[in-house]
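Single-structure report; data block below.
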Amino acid sequence: MKTERSSSLPVGLSPSPPPSSAVISALHAAIVRHDGRLLLKTLRSTRGAASQALKRRYQATWGTDLERALRGRFQGPTLGAALAELAGHPPAANVLSVRSAIQDRDRAFLRTLLAALSLPEVQALHADYRARYRRGLSADALKGLGGRKRFEMQALLRGPPPNERAQTSRLDAAWRLERAGLANLPGRIILDAIGGEGPALDKAIHALDRAQASGAEGVVHIAELQGQVRHLLDAYAMRRDHVRGRIATCAAFLASVAASWGFLRAGGPYLPRALSRAVVFGAGAGLIGEGVLGGHSVGARQLEEGALRGAAEGLIGVAGAAVIAFPLGQVFLQRPVLRSVQQGLVIGGVGGGAGMALREAASSATWENGRRDGRRRVAGSLAAGAAVGAVLGAVLGGLAAWAGALKRTRTAFSEVGRVAGASANTPGPQAELEACQRILSSAAARADVGSPMRTLETALRAPDVRILEQKVLGGGVEGSYVVRLSNGLKCVWKPSVGENVRLPFRGRRGLRESAAYLVDREMGHLAQVPPTVFRKLGEEYGSLQVFLDAPTASKVSEARQPMLRVLDSILGNPDRHGANFLGDGIPIDHGLGLPLANGQEGWGGQLARKLLFDEFMGLKHIRPVELGVEDMAAVRRLKAAMPRLGRTLRELGIERSAVAAMRRRVDQILRTGIADESWV
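Letter by letter, the sequence shown follows residues -3 to 676 in the working numbering.
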């Protein structure tokens, strides 16, 4: 076993120690066994003259390559301490560790040690390497490190500066020169002068020696040389970094604008769109802020950090807006400009305040004077960031809404002209739509409205229609608008983003409006729900329903009551009051229908029974009714179409549990022949 270990010794190491020295035998055993403790114990037991004698004996026995033999078995501080003991005059422990890390190409260990070096240790390290390499650390010894850490180590070992400030200044200048790639002769002279080594500084030192007896001419020469060199270097580096920083900022800004434009035109649910836009806009704002505030010193790393901070603050702002803004600002949601200003104010305020507070809390300088002072500084940063972010967000939100309104107005004028020109030549389609609307507005009970319904539904689903005119529809709790489409049809538009957060199914009530029409269509338009679709108009999704020019009513005729009761019982709709039907019982507003389950838990506990059927919400004159022959036939048609209708509703976005609960309500009506509120 001993022979096998001996065969793996480094070059120059004898396979067995001479038996005349017990200390050398112990040293050999420590190296072979990789026993760092035994090695150090053996070395430290022989100090002074005994240590020097041991070193000479070791070198005479195993050759002169002492360090190679030790590096083959040890790394890090153990190697440094062992070499120091053999040398007889050990420098500081950190210096030995740095030397060992460089020799072993241990980059992570070297970076940790460099951060801990003090000025005396740098001087000791410099003296140690000058003694070994005569001109400081060889560049070949640092090839494995790379980057700024390698250059810092070179500059430190070439000559220790008089203080820490000079050390930082010299390293920054040397690193800028290294990145500039100046490989010509003036570049080398500048580098040598800054680093404290090379012909330029040697000549200055000789001039100083010659001028000691005659005055301060040599000192002036050195000061002028170094001053001119640093001035030229700083001027060059400043111009170069300034140009690079501006180019990087412009490129980042253009990339952010391009990505933002893509997200602005993207569709889909509101929340993913809001989050994606917040990330893109926040990252763009961070890039621009770093580029403008960073000046000539901006670099790729600063731009990257600014983008990440901006994106994070944008996400925080959107999350804060979702929690704070929308529940408190329903009145603003009725008008697009005020809604945009409100969202910008809250998103900017929450994001800016949270970002500044988190940045201040993460700084170690904040907590230097105690936790109380630190909390005060964090609170101040929170208030300042929230104020600035809120103002900027409100201004930008208002500008965005104004620009959008201006664009919509210009588009509307052009579309009005186009539609007017087309109508002059082909007046048929628009006149037909208006006639269909008049039929539905004045339709009597049991009237045949199938053909007008199909015509209006086809017009609602036309892919190329746009909004020409828009005004707020009062009287409801949702963000509803009366709009005129480019095909001449007048409709009620309810964007999903304007839905009241205090009511259930937020973001899905438009789906339920469309589902109510589909259910009534399968029953042969029993209750005559106006044609309704869920679609995208402009940049928003929502429900689009044909506008019927009929007044709201507080009473329903006896002939229409069974139809409304059947529809509400099948849909599970609790929201049937005087403002939710037109004329003689044309039902509208079904956003609270299709609960997830039968019973009060179907609305997530947000609506109680007394709220659903008290004197305001419930129409007491619409009593439970027994279905007639035609009504039962309509419900049977719905039952037969349930497999196909269920798939359609699921594709629309209605929850599977809501469809299943509707099936159970249909079965109950067919079983009892009565439509009432027993499903609640």
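Don't be surprised by glycine CBs; every beta carbon is placed ideally from N, CA and C.
Going by other Cβ atoms of all chains shown within 10 Å of its Cβ, with 16 needed for buried, is residue i buried or exposed?
| i | result |
| --- | --- |
| Asp444 | exposed |
| Leu657 | One detail in the question is off: residue 657 reads as Ala in this sequence, not Leu. Buried, because 16 or more other Cβ atoms sit within 10 Å of the Cβ of Ala657. |
| Arg640 | exposed |
| Glu509 | buried |
| Ser377 | buried |
| Gly581 | buried |
| Ala458 | exposed |
| Val374 | buried |
Helix or strand or just coil, what does DSSP make of residue i?
| i | result |
| --- | --- |
| Pro491 | strand |
| Pro583 | strand |
| Val552 | coil |
| Leu544 | coil |
| Glu536 | strand |
| Gln426 | helix |
| Gln466 | strand |
| Ala374 | This sequence places Val at residue 374; Ala is not what is there. Helix at Val374. |
| Leu590 | coil |
| Leu623 | coil |
| Leu481 | strand |
| Ala22 | helix |
| Ile650 | coil |
| Leu456 | helix |
| Arg640 | helix |
| Val461 | coil |
| Leu578 | strand |
| Arg504 | coil |
| Arg572 | coil |
| Val562 | helix |
| Val525 | coil |
Nearest by alpha-carbon distance to residue i: which of the options is it?
| i | options | result |
| --- | --- | --- |
| Arg659 | Glu647, Arg632 and Gln524 | Arg632 |
| Val552 | Gly579, Ala546 and Thr528 | Gly579 |
| Ala379 | Glu356, Trp363 and Arg450 | Glu356 |
| His521 | Gln426, Arg556 and Ala375 | Arg556 |
| Ala523 | Arg372, Val384 and Ala630 | Ala630 |
| Arg434 | Arg450, Gly366 and Ala546 | Ala546 |
| Leu452 | Phe543, Val478 and Ser438 | Phe543 |
| Ser653 | Trp363, Gly370, Leu590 and Arg561 | Leu590 |
| Gln426 | His586, Lys486, Glu673 and Ala25 | Lys486 |
| Arg531 | His573, Thr454 and Glu554 | Thr454 |
| Arg450 | Ile463, Pro527, Ser438 and Ala386 | Pro527 |
| Glu535 | Ile463, Ala353 and Leu469 | Ile463 |
Does the Cβ-Cβ distance between residue i and residue j come in under 8 Å?
| i | j | result |
| --- | --- | --- |
| Ile566 | Asn576 | no |
| Leu533 | Gly649 | no |
| Val488 | Pro558 | no |
| Gly484 | Leu540 | no |
| Val461 | Ser482 | yes |
| Val391 | Leu456 | no |
| Glu518 | Ala383 | no |
Who are the near neighbours of residue i in its chain, counting only those whose CB is closer than 7 Å to its CB and skipping five residues on each side?
| i | result |
| --- | --- |
| Val655 | Gly642, Leu645 and Arg646 |
| Glu651 | Leu592 |
| Gly677 | Outside the modelled stretch of the chain, which goes from -3 to 676, sits residue 677, for which no answer is possible. |
| Pro448 | Cys432, Ile435 and Leu436 |
| His586 | Arg508, Glu509, Ala512, Leu567 and Asn569 |
| Ala353 | Val374, Ser377, Leu378 and Gly381 |
| Thr362 | Glu356, Gly370, Arg373 and Val374 |
Within the same chain, show all residues whose beta-carbon is closer than 6 Å to that of residue i, passing over the 5 residues directly before and after it, in chain order.
| i | result |
| --- | --- |
| Tyr537 | Ser492 |
| Val525 | Ala512, Tyr513, Asp516 and Pro583 |
| Gln466 | Tyr477 and Val479 |
Spatial neighbours of residue i within its chain, please: C-beta separation below 8 Å, excluding the five flanking residues on both sides.
| i | result |
| --- | --- |
| Arg661 | Ser565, Ile566, Gly568, Asn594 and Trp675 |
| Ile665 | Val562, Ser565, Ile566, Leu623, Val631 and Ala671 |
| Gly446 | Gly520 and His521 |
| Leu560 | Ala523, Val552, Arg572, Phe577, Gly581, Pro583 and Ile618 |
| Leu685 | Outside the displayed range of the chain (-3 to 676) lies residue 685, so it cannot be described from this structure. |
Return yes when at least one heavy atom of the ligand NAP lies under 7 Å from the C-beta of residue i, else no.
| i | result |
| --- | --- |
| Leu567 | As for the ligand NAP, it is missing from this structure, which has no ligand bound. |
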